[in-house]
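> Have a look at the structure that comes next, please.
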Amino acid sequence: MTKRKLSLVMTILAMFLTILNFDFATFNIESKSTWIFISASILLIISIVLLFINKNKTIKIEEKTK
832 MTKRKLSLVM
842 TILAMFLTIL
852 NFDFATFNIE
862 SKSTWIFISA
872 SILLIISIVL
882 LFINKNKTIK
892 IEEKTK
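Quick note: to get my numbering, add 831 to the position in the sequence shown (first position is 1).
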């Protein structure tokens, strides 16, 4: 469980840095860097959602055991 959370946090950081590195002045849908930016944005959103889902699951499990 901890490895999954750590990997999600690392993915979030990597995708955030990729998004910050993108040059919006060269936004062209045919460009490879644009597709990397779009992919990084999607992966960032998915990782954040999965992190919150996993956190809520662990909270519910801890409440049941109490």
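Heads up, the beta-carbon is just placed ideally off N, CA and C, and yes, glycines get one too.
Who are the Cβ neighbours of residue 839 in its own chain at under 7 Å, not counting the five residues just before and after it?
By one-based count along the sequence shown, residue 839 stands at place 8. These residues qualify, in order along the chain: 878, 881 and 882.
> Can you check which of these residues, 886, 884, 847 and 888, is closest to residue 868 by C-alpha distance?
Working through the sequence shown from its first residue, we reach residue 868 at position 37. Considering only alpha carbons, the answer is 847.
> Helix, strand or coil for residue 885 per DSSP?
Residue mapping note: residue 885 aligns to position 54 of the sequence shown, counting from 1. Correct three-state label for residue 885: helix.
> Between residue 843 and chain D, is any beta-carbon pair separated by less than 9 Å?
Annotation note: the requested chain D is absent from the structure, which comprises a single protein chain.
> Closest to residue 876 by C-alpha separation, out of 894, 897, 893 and 850, would be which residue?
Taking the first residue of the sequence shown as position 1, residue 876 is located at position 45. Of the candidates 894, 897, 893 and 850, the one whose C-alpha sits nearest the C-alpha of residue 876 is 850.
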